[in-house]
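For the sequence shown, the working numbering gives the first residue as 1, with consecutive numbering after it.
In what follows, a structure is listed as structure tokens, so that the remarks can point back to it.
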Amino acid sequence: MRPFSRWLAFGLAPILLSAVFALGLFDTSAPAAQGAPPLQTNADPAVAAIFTKAGCIGCHTIPGIPNAVGLVGPNLSKIGAEGATRKSGMSAPDYIRESILNPGAFIAPSCPPSGGACPQGVMPPNMGERLSAKEIEQMVDYLASLAGAAAATTAGEYVIKPIAIVRPPETANTPFANPPRKFKDAEVLLGKYLFFDARLAADSSIACASCHQPDKAWTDGKPLSDGYPGTKYFRNTPSILNAVFASYAYWDGRLDPGDMPTVVRDHITEAHFYQADGRLVVERLKQVPEYVQLFKDAYGAGPSFGRMVDAVSAYVLSLNSSASAYDKFLAGDASALSTDAKAGLGLFNGKAGCAKCHTGNTFSDSKFYALGVPENPDIFADPLRHITFRRFFRTLGLPNYRNTFQDVGLLAVTEDPDDRGAFRTAPLREVARTAPYMHNGMLATLDEVVRFYNQGVGNQVKPLGLSDSEIAQIVAFLSSLNSALPVAQPVTPPAYQLRKLGENK
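Next up, the structure:
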């Protein structure tokens, strides 16, 4: 065969086929002439898979089933309404079931659409063998729901379950001090729903509350955070209580809680936290009418990424400790502290020197210190944590990150060699509830923490010379910094009400 002839035989054929598809199957006007499938139905993917498995999509037009635009068999767009009229005394589901299981029966007014009797053998005769009884019933239920043109171009009205704008009780307590920022009830309520909603994460498997759990003083009780599935994190989950009073966010202080929306954005988009695309998350929220209404209540407009991170920030910055036993003692209630706690207070301010760094109303000077806390071996024993560790420091531009086997802390932020291994002074309110301790969770109890300092810490802290009883007294004082936290009941986020392209509700 000559080259030109070969080109005609093998090159022209695909072009002609492409033209046929372009002019026929993909001509948006063609299905309309045959009766386009209505837009009102979105089949569950599992149900759609049954129709594909059964081979229905090759012959029938079935609304809501992907690629079911066949013109060989009857158009099933109205089968749910018309099925009940086909055989006297037979309901639509029964008629549809018989049509599937007994295709030799009278199953349609005309077949094919041009008229005439249905030829034998067109319908597969062994559906009952190819599909399970459950799959047959799922097909029947779906087909019986198809009513046809009455809702052909519009979706049903959204059904909105009203959510009363009531401030969450965990944000309505009287804080130990006057917060520098306050937020509207509607903002805080929306933020709570988002905080407990896993749809903010890429795979919808974790929520903010997965790591910041209310019953654990908004920590997770683990030495190291789990992070996003398939990554794992390499630092301890800090409590978010009293964040409105903090000077830095994160153990290494790389962000400012005064710009909490940026902190929230970081959690949503970072690979080791939520790994999500903010645009996708917003589109998810738009498919939930209750969220659309809550956004309007809070901000006068619908969901957007900026309003979403603002709302989560409003909730987080409204979570504060109430007055503790220590606060009541300072206010003049001498009975608020136990004898041991009073002795511990004296040691805290005196012999132990804790108050040199743990000062102010949150018991933190907001400075950074390299204390020589032992590295957590799990970071390097667990490949997922190890990979996250390396990737994190590579992203921050740490030189020689491949050979780093120490969490360098503040150094990665400031690039100052003197900041190697430095981490922020942890605030101490609710500290008895937030074990384990330190940036990598290496100290399991408050007793271990005090003993760690008691032995001396590098150039920062000389040996303290505390006795066992004095250590216990300091622990008693630290426990007095707990407050009566309101119970934070988790909320169930509102459900999707999905719409397809062209449904302009």
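For glycine and all other residues, C-beta sits at the position ideal for the given N, C-alpha and C.
message: Can you tell me where the beta strand (DSSP E) holding F423 begins and where it ends?
response: Locating residue 423 in the sequence shown gives position 423, where the first residue counts as 1. Element bounds for F423: A422 to R424.
- prompt: Which same chain residues, not among the five before or five after G227, have their C-beta less than 7 Å away from its C-beta?
  reply: Along the sequence shown, read from residue 1 onward, the residue named residue 227 stands at position 227. Closer than 7 Å at the Cβ level, and outside the excluded window around G227, lie Y233, H272, F273 and T388.
field: Cβ neighbours of L294 in the same chain (closer than 8 Å, five flanking residues each side left out)
entry: For the purposes of this step, residue 294 is taken as residue 294 along the sequence shown, with counting starting at 1. So the qualifying residues of the chain are I163, A186, L189, L190 and Y193.
message: On the criterion of 16 or more Cβ atoms from any shown chain inside 10 Å, does F380 qualify as buried, or is it exposed?
response: Taking the first residue of the sequence shown as position 1, residue 380 is located at position 380. That one is exposed.
query: According to DSSP, what are the bridge partners of G409?
result: Start at 1 with the first residue of the sequence shown, and residue 409 comes out as number 409. Answer is A422, bridged to G409.
message: Among P66, T52, T492 and A276, whose alpha-carbon lies nearest the alpha-carbon of V288?
response: Mapped onto the sequence shown, residue 288 falls at position 288. Ranking the options by Cα distance to V288, first place goes to T492.
Candidates A207, G128 and S132: closest to E98 by CA position: On the sequence shown, position 98 is the one that residue 98 refers to. The shortest C-alpha separation from E98 is found at G128.
task: Grab me the residues of A36's own chain with a C-beta within less than 6 Å of its C-beta, minus the 5 sequence neighbours each way, in chain order.
output: Start at 1 with the first residue of the sequence shown, and residue 36 comes out as number 36. Because A36 carries a pLDDT of 35, less than 50, the predicted location of this residue cannot be relied on, and no value is offered for it.
task: Note the first and the last residue of the continuous beta strand (DSSP E) segment covering T369.
output: One-based indexing of the sequence shown puts residue 369 at position 369. According to the sequence provided, residue 369 is Tyr. The question's Thr does not apply to it. Counting along the chain, the beta strand (DSSP E) containing Y369 begins and ends at F368 to A370.
message: Per the DSSP calculation, A311 is bridged to which residue(s)?
response: The count along the sequence shown starts at 1 and reaches residue 311 at position 311. Answer by DSSP bridge pairing: none, since A311 is not bridged.
message: Can you check which of these residues, A412, I160 and V475, is closest to R254 by C-alpha distance?
response: If you number the sequence shown from 1, residue 254 lands on position 254. When each option's Cα is compared against that of R254, the closest is A412.
task: In the DSSP assignment, find the unbroken alpha helix (DSSP H) run with H386 in it and report its ends.
output: As a working mapping, residue 386 is identified with position 386 in the sequence shown. Looking at the DSSP string, the run of the alpha helix (DSSP H) that includes H386 is P383 to T395.
query: Taking one C-beta from the stretch 343 to 355 and one from the stretch 433 to 445 each time, how about it: are there three or more such pairs within less than 8 Å?
result: no
- prompt: Taking Cβ to Cβ, would you say Y369 is nearer than 9 Å to Q455?
  reply: Looking up residue 369 in the sequence shown gives position 369. Looking up residue 455 in the sequence shown gives position 455. For Y369 and Q455, no; Cβs fall outside 9 Å.
query: Which one of A435, I474 and S338 has the shortest CA to CA distance from W218?
result: Within the sequence shown, residue 218 is the residue found at index 218, counting from 1. Nearest C-alpha to W218: A435.
message: According to DSSP, is Y95 part of a helix, a strand, or is it coil?
response: Against the sequence shown, residue 95 aligns to sequence position 95. Three-state result, Y95: helix.
query: DSSP state of P493, grouped into three classes?
result: Start at 1 with the first residue of the sequence shown, and residue 493 comes out as number 493. Coil, per DSSP.
- request: For S304, name the three-state secondary structure that DSSP assigns.
  value: On the sequence shown, position 304 is the one that residue 304 refers to. It is coil, neither helix nor strand.
- request: Could you give the DSSP three-state label for Y142: helix, strand or coil?
  value: Residue mapping note: residue 142 aligns to position 142 of the sequence shown, counting from 1. Looking at Y142 - three-state DSSP - the assignment turns out to be helix.
- prompt: For Q138, does the count of other Cβ atoms within 10 angstroms reach 16, so buried, or fall short, so exposed?
  reply: Residue numbering aside, residue 138 sits at position 138 when the sequence shown is read from its first letter. Buried: at least 16 other Cβ atoms inside 10 Å.
- prompt: What residue does the alpha helix (DSSP H) around T52 start on, and which one ends it?
  reply: Position 52 of the sequence shown, counted from the first residue, corresponds to residue 52. Note, T52: alpha helix (DSSP H), P45 to A54.
message: For P175 and G344, what's the separation of their Cα atoms in angstroms?
response: The count along the sequence shown starts at 1 and reaches residue 175 at position 175. The count along the sequence shown starts at 1 and reaches residue 344 at position 344. About 24 Å.
Endpoints, the alpha helix (DSSP H) within which F196 is located: Sequence index remark: in the sequence shown, residue 196 carries index 196 (1-based). No alpha helix (DSSP H) holds F196; DSSP gives it neither H nor E.
- request: Please classify S469: does DSSP put it in a helix, a strand, or coil?
  value: On the sequence shown, position 469 is the one that residue 469 refers to. Of the three classes helix, strand and coil, the one that applies to S469 here is helix, per DSSP.
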